[in-house]
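A.B. asks: Using the working numbering, read the sequence shown as starting at 401 and increasing by one per residue. The beta carbon of each residue, even a glycine, is placed where N, CA and C say it ideally should be. Got a structure for you, written out below as structure tokens; questions coming shortly.
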Amino acid sequence: MLVDSQTGKTVMTLCGYLDFSFASAWHPDNVTLATGNQNKTCRVWDVRNLSKSVAVLKGNIGAIRSIRYSSDGQYMAMAEAADFVHVYDAKNGFEKEQEIDFFGEIAGISFSPDTESESLFIGVWDRTYASLLEYGRCSLVAGNSTC
């Protein structure tokens with residue numbers, strides 16, 4: 401449910417979840433909202449019509465615990481509690497996805513604030529192998545990849 405931060409009153413109930421939600425993120429357009437849930441899904445909402453979600457994105461093994469949009473709004477990343485981070489092409493309807501698969505508990509995710517060389521950072525919590533992973537954006541120009 402969406403709650404007015406000033407009054408604490410419910411503004412709207414979001415339908416589609418029967419369990420706990422753990423994450424949310426606003427798109428830079430201030431119209432699109434993503435929510436992550438215990439049921440291994442992320443729902444994307446258009447706040448101008450909250451009667452149904454625009455997209456339902458599925459995780460693999462666990463709750464969606466973190467969601468972030470890139471500063472230009474082109475990409476959205478969602479992290480499960482462990483092992484998987486999914487990066488979607490938000491600009492083109494979430495149809496294309498890249499899945500990052502590794503071993504470890506995910507402490508959080510974040511995009512760097514710059515749009516030119518934007519990176520995705522993944523915090524991995526592990527007593528032995530704690531780390532911060534950085535993934536850079538690659539581009540395809542006439543069939544050639546540049547990273």
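Using 10 angstroms around the beta-carbon of residue 411, count the other beta-carbons present and answer buried if the total reaches 16, otherwise exposed.
C.D. replies: exposed
A.B. asks: Of all the options 534, 436 and 495, which has the alpha carbon lying nearest to the alpha carbon of residue 510?
C.D. replies: 534
A.B. asks: To the nearest angstrom, how far is it from the Cα of residue 419 to the Cα of residue 432?
C.D. replies: 22 Å
A.B. asks: Is residue 425 closer than 7 Å to residue 469 when the C-beta atoms are compared?
C.D. replies: yes
A.B. asks: If contacts are defined as beta-carbon pairs under 8 Å, then residue 483 and residue 461 qualify, I think. What distance do you get, rounded to the angstrom?
C.D. replies: 6 Å
A.B. asks: Looking only at its own chain, which residues have a Cβ that is under 8 Å from the Cβ of residue 421, when we skip the five neighbours before and after it?
C.D. replies: 435, 436, 437 and 438
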